[in-house]
Amino acid sequence: MRATLLFFAYCFLCFVLAAFVASALLATGWIELEPHRVMSRLAQIFILLGIWPLLRLLQLADRASLGYGVSGPALRRAVGWGWVQGVAILLALVLALLALEIRVPDPNLADWSTILGNVAQALIGGLLIGVLEETFFRGALYTAIRRRDGLASALIWSSLLYALLHFMKPGALPEGMAFDGSGSLWMFVQVFVDVFQWKHLDSLVALFLVGLFLALVRERTGHIGWCIGLHAGWVFVIQTTRRVTDGNESSGLAFLVGGYDGTIGWLAALWIGLLALGYGALTRQGERR
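In the UniProt record's numbering, the protein residues as written are 1 to 289.
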């Protein structure tokens, strides 16, 4: 658990820096974005800027530790096939949501050129998110925990931190509150308070199981190529779905999706959980043979 706490402390420090810098930056009048967006972007920048020195300090700054310990062609094949399988897995979920009328086609779809542009953005965005998040969570974090505390701890703690960090985002200031020292402190505290709201439970459980599935893939394959592909495929389907469908709040089954992205929730948790269970059982039998 020590490695998990270290990575969490690193993210915590980045949010502290972001809170201080955001208030000073907005005071200059150079930026007109909402304070919570500025703070969120700064935290992401600080995490990216400091990650390589942190990895070097922890002796994780090598290809194998980051999950890239295979040849280039093998890695590219794994990413490609992983993307195909990721799309298939999430597409099955989306089709179920449409069949249950939890999501419905958007009646005001734009022209095809706009839709294709959005699809291209989802494809590129999915690949970027897949590379960055998998390198961090199933690469560096997983390796650090696995070396020190073993397989079970690596599976659980890397998945839990992965799920929690998705909800550690600054929220908008209450109406009438200025973004001064007290406003910055309020926003910083909300980053951690908001994680434990009851409304996030379904999405939090789903993301934990997503992380567990990906961690199992990382363990069984020995690298993160398949993880990147799966993750990128999932993000592609989710972002495309949000652009061409709408949530149906009047559905009696609307509780099966959460408010995080309108797609993951209890139904996704059940689907991904079953896949993780089946994958773990099948690959364990393969290892025994």
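Glycine included, every Cβ here is placed at the ideal spot set by N, Cα and C. None of the values given here were measured: they were computed from a predicted structure.
Cα-Cα separation between residue i and residue j, rounded to whole angstroms
| i | j | result |
| --- | --- | --- |
| Leu25 | Ala43 | 13 Å |
| Leu155 | Ala163 | 12 Å |
| Ser153 | Arg146 | 7 Å |
| Leu90 | Leu100 | 15 Å |
| Ala254 | Phe46 | 37 Å |
| Val217 | Pro73 | 19 Å |
| Leu6 | Met187 | 23 Å |
| Lys169 | Ser250 | 28 Å |
| Arg243 | Leu161 | 28 Å |
| residue 290 | Gly262 | This structure gives no information on residue 290, because the portion of the chain shown stretches from 1 to 289. |
| Leu58 | Gly278 | 34 Å |
| Thr240 | Val104 | 13 Å |
| Leu98 | Asp202 | 19 Å |
| Gly176 | Trp198 | 26 Å |
| Arg76 | Ser184 | 43 Å |
| Ala78 | Gly67 | 12 Å |
| Val191 | Leu13 | 12 Å |
| Trp271 | Leu93 | 8 Å |
| Ala9 | Thr221 | 29 Å |
| residue 290 | Ile115 | Coverage of the chain is limited to positions 1 through 289, which leaves residue 290 absent and any answer about it impossible. |
| Gly171 | Gly50 | 24 Å |
| Leu123 | Val193 | 33 Å |
| Ser71 | Ile102 | 43 Å |
| Gln85 | Ser113 | 26 Å |
Residue range of the beta strand (DSSP E) that includes residue i
| i | result |
| --- | --- |
| Gly247 | 245 to 247 |
| Val195 | Run containing Val195: none; DSSP gives neither H nor E here. |
| Val104 | 103 to 105 |
Contact under 8 Å by Cβ, residue i with residue j
| i | j | result |
| --- | --- | --- |
| Ile264 | Gly258 | yes |
| Gly247 | Gly80 | no |
| Ser65 | Thr4 | no |
| Phe236 | Gly69 | no |
| Ser158 | Leu173 | no |
| Ile224 | Thr135 | yes |
| Arg148 | Arg2 | yes |
Residues near residue i by beta carbon distance below 6 Å, same chain, minus five either side
| i | result |
| --- | --- |
| Leu214 | Arg138, Cys227 |
| Gly82 | Trp226, Gly229, Leu230 |
| Leu207 | Ala163, His166 |
| Val21 | Leu42 |
| Ile129 | Val235 |
| Asn118 | Arg243 |
| Tyr260 | Ser203 |
| Cys11 | none |
Other residues of its chain near residue i: CB distance less than 7 Å, five sequence neighbours each side excluded
| i | result |
| --- | --- |
| Ala61 | Trp52, Leu55 |
| Ala18 | Met39, Leu42, Ala43, Phe46 |
| Asp106 | Val244, Thr245, Asp246 |
| Ala276 | Leu209, Leu212, Phe213, Leu216 |
| Phe179 | Ser23, Leu26, Pro35, Leu173 |
| Ile31 | Leu25, Val38 |
| Cys280 | Sequence inspection shows Gly at residue 280; the Cys mentioned does not correspond to that position. So the list reads Leu216, once near-sequence residues are dropped. |
Cβ distance (whole Å) where residue i is taken to contact residue j below 8 Å
| i | j | result |
| --- | --- | --- |
| Gly181 | Ser40 | Not really, about 19 Å apart at Cβ, beyond 8 Å. |
| Leu256 | Leu267 | 4 Å |
| Val87 | Gly252 | Actually they are not in contact, since the Cβ atoms of Val87 and Gly252 sit about 29 Å apart, beyond 8 Å. |
| Leu151 | Glu219 | 7 Å |
| Val205 | Ala269 | 5 Å |
Beta carbon proximity, residue i to chain D, threshold 8 Å
| i | result |
| --- | --- |
| Leu151 | Protein chain content of the structure displayed is limited to a single chain, and chain D is not contained in it. |
Any non-hydrogen atom of the ligand NAD closer than 7 Å to residue i Cβ
| i | result |
| --- | --- |
| Tyr10 | With respect to the ligand NAD, the structure offers nothing, as it holds no ligand at all. |
Beta-carbon proximity list for residue i, same chain, < 8 Å, skipping 5 on both sides
| i | result |
| --- | --- |
| Arg289 | Here the model assigns Arg289 a pLDDT of 45, short of 50, so the residue's position is not dependable, and the following value carries that caveat. Answer for Arg289: no residue qualifies. |
| Val16 | Phe188 |
| Arg63 | Gly69 |
| Gln121 | Gln239 |
Start-to-end residues for the alpha helix (DSSP H) that takes in residue i
| i | result |
| --- | --- |
| Thr221 | 201 to 221 |
| Val38 | 35 to 57 |
| Thr263 | Neither: Thr263 is in no alpha helix (DSSP H) and is coded neither H nor E. |
| Ser153 | 151 to 165 |
| Ala74 | 72 to 99 |
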